[in-house]
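Student:
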Amino acid sequence: MLDYRLLQALAAVTAQGGFEKAAAQLHLTQSAISRRIKQLEAVLGQPVLQRSTPPKPTLAGQRLLNHLQQVRQMEAALGLADQEVQLLRLATNADSLATWLPQALVLPDQPQLCFDLVVEDQSVSLKRMKQGDVMACICDSPQPLNGGAVMPLGALRYRAVASPDFVRRYQLQPLSAALLAQAPCLVFSSDDALQHRFLQDIAGISPSHVHLCPSSEGFLKAVLAGLGFGLLPELQMQAHFANGELIDLAPGYYLDTPLYWHHWQTESPLLQQLRLQVLAGASQCLVPIG
Numbered sequence: 256m257l258d259y260r261l262l263q264a265l266a267a268v269t270a271q272g273g274f275e276k277a278a279a280q281l282h283l284t285q286s287a288i289s290r291r292i293k294q295l296e297a298v299l300g301q302p303v304l305q306r307s308t309p310p311k312p313t314l315a316g317q318r319l320l321n322h323l324q325q326v327r328q329m330e331a332a333l334g335l336a337d338q339e340v341q342l343l344r345l346a347t348n349a350d351s352l353a354t355w356l357p358q359a360l361v362l363p364d365q366p367q368l369c370f371d372l373v374v375e376d377q378s379v380s381l382k383r384m385k386q387g388d389v390m391a392c393i394c395d396s397p398q399p400l401n402g403g404a405v406m407p408l409g410a411l412r413y414r415a416v417a418s419p420d421f422v423r424r425y426q427l428q429p430l431s432a433a434l435l436a437q438a439p440c441l442v443f444s445s446d447d448a449l450q451h452r453f454l455q456d457i458a459g460i461s462p463s464h465v466h467l468c469p470s471s472e473g474f475l476k477a478v479l480a481g482l483g484f485g486l487l488p489e490l491q492m493q494a495h496f497a498n499g500e501l502i503d504l505a506p507g508y509y510l511d512t513p514l515y516w517h518h519w520q521t522e523s524p525l526l527q528q529l530r531l532q533v534l535a536g537a538s539q540c541l542v543p544i545g
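In terms of this note's numbering, the sequence shown is residues 256 to 545.
(1) Is the Cβ-Cβ distance between Y413 and L529 less than 8 Å?
(2) Return the Cβ separation of W516 and V533 in integer angstroms, given the expectation that the two are a contact with Cβ distance under 8 Å.
(3) Could you tell me the boundaries of the alpha helix (DSSP H) in which M492 lies?
(4) Mind checking which residues open and close the alpha helix (DSSP H) that includes I457?
(5) Whole-angstrom Cβ separation of L504 and L427, contact assumed at under 8 Å?
(6) Cβ of L345 within 8 Å of Cβ of T269?
(7) Near Q341, which residues of its chain fall below 6 Å by C-beta distance, leaving aside the five closest residues on each side in sequence?
(8) Alpha carbon to alpha carbon, how far is Q377 from T284?
(9) Assuming I393 and N348 form a contact by the criterion Cβ under 8 Å, report the distance between their Cβ atoms to the nearest whole angstrom.
(10) A410 and L514: beta carbons closer than 8 Å?
(11) If we call anything under 8 Å between Cβ atoms a contact, is L281 one with A297?
(12) Between the C-alpha atoms of L343 and Q455, what's the straight-line distance to the nearest angstrom?
(13) Looking only at its own chain, which residues have a Cβ that is under 7 Å from the Cβ of R291, when we skip the five neighbours before and after it?
(14) Out of A537, G545 and P543, point me to the one whose CA is closest to Q358's CA.
(15) On the CB-based measure, 16 or more other CB atoms within 10 Å of its CB, does P506 come out buried or exposed?
(16) Compare the Cα-Cα distances from A433 to each of D420, A448 and I457 and report the closest residue.
(17) Excluding the 5 residues flanking Q301 on each side, which residues of the same chain have their C-beta closer than 8 Å to its C-beta?
(18) Among H322, H464, L257 and V478, whose alpha-carbon lies nearest the alpha-carbon of L299?
Structural data, given as structure tokens:
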């Protein structure tokens, strides 16, 4: 059976970024914190912290932290928890974080809620929740996990765009499959299949010249600079369409990526409030899931 004093020590070291600050937070000596971490590792038979600066949890340590979050949620739901800081580790896709999500996460009447945002492609973020790394996630799967629940949010609509200079350089207006095959495209990560789907739909080809750009803001800047073409959310590029900085390569064509909020069934009233606010924010920005 786990000793939750040991988990609290692990949580404090991770949150405070070191043993000394964790000791101050828990009103213990630094050596006492160190002993608790060593005791926890002895019980598990594996490390729970990477001895880096600042210390970071190992995968086993992160799973323990997630377990502690679940316990605190259950205590809050039963009215047994005080108003200490509540950490929520949330996995989300980068494009949601770059567009509609931040405003939806603001809960002015819940100052004790702190976020640890993990950025993953929407096609793979659910694995982080399945592994116990996060408490909730936004992904493209409508299937809930065992012990979990799912709520549809809406879909991000993407269009294939490029800068005017890029279009002129590769003679892409009107769009030619042969010339498009020679043009470089931008891809967020190895899990990002949007550009591949676009090329298959439009020209029946796969990209041959790819720039990997694992940043939503960097992706937009790279497209604006003419490094390559790519699919961007309509929410992110409306102003750039209006001022002529971006050109729609295939007018009338779009890809909708459905998004779902996954959470554990044992959620606290605070996280239920957050979930409903996220749904309200999504309904104002996303298109209905077809």
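Every residue gets a Cβ at the ideal spot worked out from N, C-alpha and C, and that includes glycine.
Tutor: By the coordinates alone:
(1) It is not a contact, given that the beta carbons lie outside the stated cut-off.
(2) Contact annotation, W516 with V533: C-beta distance approximately 6 Å; criterion of less than 8 Å satisfied.
(3) Element bounds for M492: E489 to A497.
(4) That run of the alpha helix (DSSP H) goes L449 to A458.
(5) At roughly 6 Å, the Cβ-Cβ gap stays under 8 Å, so L504 and L427 are in contact.
(6) Inclusion of L345 and T269 in the CB contact set at 8 Å is not warranted, their separation being larger than that value.
(7) Cβ neighbours of Q341 within its own chain (closer than 6 Å, five residues either side excluded): Q367 and L368.
(8) Approximately 43 Å, taken between the alpha carbons.
(9) Indeed they touch by this definition, with Cβ atoms about 6 Å apart.
(10) The Cβ atoms of A410 and L514 lie closer than 8 Å to each other.
(11) No.
(12) L343 and Q455 have their alpha carbons spaced roughly 39 Å apart.
(13) For R291, the CB contacts under 7 Å within the same chain, skipping 5 residues up- and downstream, are R260, L261 and A264 in chain order.
(14) Distances from the alpha-carbon of Q358 to those of A537, G545 and P543 put A537 closest.
(15) Burial call: exposed.
(16) Checked all of D420, A448 and I457; the closest Cα to A433 is I457.
(17) These residues qualify, in order along the chain: T313 and A315.
(18) Relative to L299, the option among H322, H464, L257 and V478 whose CA is nearest is L257.
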